[in-house]
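*Asks:* Would you mind keeping the following structure in view while I ask a few things?
Numbering (my numbering), first residue to last: 1022 to 1160.
Okay, here's the thing in structure tokens:
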């Protein structure tokens, strides 16, 4: 993944926060906590802008919690390996966190807690090292 400049990444994140995060998170809370990202009715935002914001925050995670013990996936925008521990080399990693773009951005910016996202089913996490709470938020 090509490194995203801080200025570009923060600008994309600010634009996405204004266009998507506030409205989508409010709608999710009103509907019982589920995210609407990528589903019909989610606020519109240019795909490239959302992709840049997600990739930038994943980049920040990898920089702030370097390692290869945990794979964080935000399909279809990106995935990174982070967190110190045993290195994974083949097949499906034993420690995985996966979520949608809006939930990831809410986690990355501290708008929702990792435990709340797990509890409401907005994040799927597997493995002994699949806890991002100690390293969030990243911006």
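Just so it is clear, CB atoms sit at the ideal spot from N, CA and C, and this is done for glycine as well.
Keep in mind the model is a prediction, meaning the values are calculated, not measured.
According to the Cβ coordinates, are residue 1150 and residue 1090 closer than 8 Å?
*Replies:* A contact, by the Cβ cut-off of 8 Å.
*Asks:* Pull up the distance between the alpha-carbon of residue 1156 and that of residue 1082, whole angstroms please.
*Replies:* For residue 1156 and residue 1082, the distance between alpha carbons rounds to 8 Å.
*Asks:* Give me the DSSP bridge partner(s) of residue 1119.
*Replies:* DSSP lists 1094, 1145 as partners of residue 1119.
*Asks:* Contact defined as beta carbons within less than 8 Å: I believe residue 1078 pairs with residue 1153. What is the distance between those atoms, to the nearest angstrom?
*Replies:* That pair is no contact at about 12 Å.
*Asks:* Measure from the alpha carbon of residue 1070 to the alpha carbon of each residue in 1031, 1117, 1140, then state which is nearest.
*Replies:* The candidate whose alpha carbon is nearest that of residue 1070 is 1031.
*Asks:* On the DSSP bridge list, what partners appear for residue 1103?
*Replies:* Its beta-bridge partners are 1091.
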